[in-house]
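Numbering (full-length UniProt numbering), first residue to last: 1 to 230.
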C-alpha cells in the first residue's frame with residue numbers, strides 16, 4: 001500500500017505537464033491579442049461608418065481613425081508574430097484552437113483592409129464634395145456681385161481650405177501606406193500557415209474540420225466576428 005504512493009511521487013508528472021501548460025499559456029496570450037485586434041477592427045469599422053454619415057470634414061474623427069488604425073496595425077503585427085511562433089509542425093496535426101486563430105486573424109485582416117479602402121473612398125468623396133460646394137458658393141457670390149466678371153476667374157482657395165485639403169490628403173496617403181503593410185502581412189500570414197491550411201483556397205478556409213484533420217460534414221465557425229462576405 002505504501003509503495004503505490006511512493007511510485008506515483010517518483011513519476012515525472014509535473015515535468016510532462018509543463019510543456020502543455022506552456023503551450024496553453026502561449027495559446028491564451030495569442031487568443032487575447034487576436035481578440036484585441038478583432039475589437040480594434042470593429043471599432044475602426046464604426047468610425048468609417050461615421051465618416052460616411054457626415055458631409056463636412058471632422059478633424060477629431062480623422063484623428064480618432066488614425067489612432068485606432070495605428071494601434072490596429074501594431075496589434076495585427078503582434079498577433080502574427082505570436083501565432084507564427086506557436087503554429088507547430090507544418091505537416092502534422094494542428095490543434096483546432098490554433099486553426100481557428102489563424103482563420104480569425106486572416107478574416108480580420110481582410111476586413112481591416114476592406115474598411116481602410118472604404119475610408120479612403122469616403123475621405124476622397126468628402127474632398128470632392130467640399131470643393132464642389134465651395135465652387136458653387138463662389139459662383140453664386142460672383143453672380144450676385146456682377147454678371148460681367150468672368151465666372152471661372154480666381155479659383156484659389158482660402159488658407160484654411162488649403163490646410164484642410166493638405167491634412168486630408170496626408171491622411172489618405174497614410175491609410176494607403178498602412179494598407180500596403182497589411183497586405184504584405186496578410187501574405188506572410190498565408191505563407192506561415194500550417195500546411196493543412198495552406199492547401200485550402202480562400203473560399204473553403206472556414207470549412208475546415210477540427211483536429212484530427214479528416215473529411216467530415218462541412219461546418220462553419222459562426223463564432224468568428226470578422227468574416228468577409230466576398
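In this text, a Cβ means the ideal position worked out from N, Cα and C, and glycines have one as well.
Assuming residue i and residue j make a contact with CB atoms under 8 Å, what is their CB distance in whole Å?
| i | j | result |
| --- | --- | --- |
| residue 65 | residue 47 | 5 Å |
| residue 101 | residue 83 | 6 Å |
| residue 51 | residue 122 | 5 Å |
Let's see if you can read the secondary structure: which residues bound the alpha helix (DSSP H) around residue i?
| i | result |
| --- | --- |
| residue 57 | Here residue 57 belongs to no alpha helix (DSSP H), and DSSP marks it neither H nor E. |
| residue 182 | 159-192 |
Can you tell me which of the options puts its alpha carbon nearest to the alpha carbon of residue i?
| i | options | result |
| --- | --- | --- |
| residue 104 | 172, 84, 61, 34 | 34 |
| residue 168 | 188, 120, 178 | 120 |
| residue 161 | 36, 45, 58 | 58 |
| residue 183 | 81, 76, 165, 127 | 76 |
| residue 73 | 127, 186, 27 | 186 |
| residue 117 | 28, 178, 29 | 178 |
| residue 29 | 81, 43, 42, 49 | 81 |
Roughly how many whole angstroms lie between the Cα atoms of residue i and residue j?
| i | j | result |
| --- | --- | --- |
| residue 36 | residue 125 | 31 Å |
| residue 207 | residue 171 | Interpretation of residue 207 is limited by its pLDDT of 45, a score under 50 that renders its predicted location unreliable; the figure taken from the coordinates is listed afterwards. Computed Cα separation, rounded: 38 Å. |
| residue 115 | residue 98 | 26 Å |
| residue 165 | residue 107 | 33 Å |
| residue 189 | residue 38 | 16 Å |
| residue 193 | residue 111 | 19 Å |
| residue 31 | residue 109 | 15 Å |
| residue 128 | residue 45 | 22 Å |
| residue 61 | residue 159 | 21 Å |
| residue 70 | residue 85 | 23 Å |
| residue 78 | residue 53 | 32 Å |
| residue 68 | residue 95 | 32 Å |
| residue 175 | residue 63 | 12 Å |
Would residue i pass as an interface residue toward chain E - the criterion being a Cβ-Cβ separation below 9 Å?
| i | result |
| --- | --- |
| residue 44 | No chain E appears in this structure, which consists of one protein chain only. |
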